[in-house]
Amino acid sequence: MTFIADLHIHSRYSLATSRDLTPESLWRWGQLKGIPVVGTGDCTHPAWLAELEEKLAPTPSGLLALAAPPGPAAVPASCRGEVRFLLSGEISCIYRKLGRTRKVHCLVHLPDFASAHRLNAALSRVGKLTSDGRPILKLDARDLLAMVLDASPRGLLIPAHAWTPHFSVFGRSSGFDSLEECFGDLTPHVHAIETGLSSDPAMNWRISALDGITLVSNSDAHSPSKLGREATVFKGEPSYQGIYSAIVNGDGVDSTIEFFPQQGKYHADGHRPCHLRLTPAETEAAGYRCPACGKKVTMGVEHRLEQLSDRQPGEKPPGAPPFRSVIPLIDLIGSVLRTGTASKKAESTYFRLLERVGCEFKVLLEAPLEVIEEASSAEMAAAIGAMRMGEVEIEAGFDGEFGKVVIKPLGPCR
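Following this note's numbering, the numbering of the sequence shown begins with 499 at its first residue and continues without gaps.
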């Protein structure tokens, strides 16, 4: 058995997030997407943690269940299923180390509310936890890892979106060249990294230092509908111990579900104010300065990975799990309908497909194309078929701007 999990999301207490991020809404969208295990996000925020304790109940699996789920009308019959929650949060560590300012975002997973309260008590002595669901703390990432392990020996710290330029463990602007530089003596307790939207496992396989590190993928969703932009497929039955063991032992991840990395908003080098995207060679030739205005270019994930890689493209470590690249269903629908993804027509088409075929991941990855055609249109089936075959062209994202995807039979995803 396998199950899909998305363990990096946010609550409405984080900056720039949807007010609709509630346990009930996450429960609903977990079913619509086909994700039976969802992170709670923001477990360090006192008000959100209190709401989670009020609305979620422990289960024998070590995961949490919504104590009073909405009625069956909230989810189409074709999508209904169990959704469990795992306590999670993201912490922004900003500090000086090895002569530079470091900015490292870290994802934490915890087995129970008692562990969350212990961690929060330690963090509250460092800085304020109430101003943002993702607190910004003057705290060495190594020391945060020590606090997580003190809170629970079954706690996990995973470097979040590990390659993005500004706030990650390997980011060019404020990160490190190795996990050892960042975590020092506690590096053996870092069992995984989150590859982020702008890289995929194949890019990370080029770095032999990451052999033995579990590669996980999550959405980093700031609204419920963004759940599952990326996700991890685990082996076995859903449980906290199962997820913990899968990550620590490195053999429990079946696969990951990925963005096309070029679609990520930090994949390529560039300078967004000048609308200029650059290849690594062009960046180096320009002295890492924008050829148009002379200001500093933001080095993208592709270039940063190239700097640290010691393998050729296409090399794969033995036993590395496979992955599949997808485009969110609402984006495909927008392309087929030649309309914005927020339009009522796109939304009604989305829910009609789910009602007739099943959850989003079933539509994107499993359903026969003839079934999709019967439920929508030949053009919709062709779009999904092209995506499954990787028949896409992408103008790569850069300097905070998402890439533009073109599905070859159709044209741009809007």
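The C-beta atom is built at its ideal place from N, Cα and C for all residues, glycine as well.
Under the three-state reduction of DSSP output, Asp-610 falls in the coil class, being neither helix nor strand.
A straight-line Cα-Cα distance of about 44 Å links Pro-544 and Ile-905. Contact annotation, Ser-613 with Gly-653: C-beta distance approximately 6 Å; criterion of less than 8 Å satisfied.
According to DSSP, Lys-601 shares a beta bridge with Ile-592. Given a length threshold of 4 residues, each whole run of the alpha helix (DSSP H) inside the region 620 to 685 is given here in chain order: 639 to 649 and 677 to 681.
The alpha-carbon of His-773 is positioned some 19 Å away from that of Glu-891.
Ala-660 has its alpha-carbon roughly 16 Å from the corresponding atom of Asp-897. Taken in chain order, the complete alpha helix (DSSP H) segments of 4 residues or longer contained in the region 510 to 569 are 521 to 531 and 544 to 553. The shortest CA-to-CA distance from Leu-564 to any of His-615, Ala-555 and Thr-777 is the one to Ala-555.
Linking Leu-513 to Gly-740 through their CA atoms gives a straight-line distance of about 32 Å.
When secondary structure is reduced to three states using DSSP, Thr-754 falls in the strand class. In the structure shown, Leu-505 adopts coil according to DSSP, grouped into three states. For Val-799, same chain residues with a beta-carbon under 6 Å away, outside a window of 5 residues either side, are Trp-661, Ser-696, Ser-697, Tyr-764 and His-765 in chain order.
As DSSP reads the structure, Phe-896 sits in a beta bridge with Ala-766 and Glu-899. In this structure, the CA atom of Gly-838 is about 45 Å from the CA atom of Ala-619.
Annotation: the continuous alpha helix (DSSP H) that includes Glu-877 extends over 876 to 886. DSSP places Ala-783 outside any beta strand (DSSP E); the residue lies instead in the alpha helix (DSSP H), whose first and last residues are 778 to 783.
A distance of 9 Å or more separates the beta carbons of Glu-756 and Phe-501.
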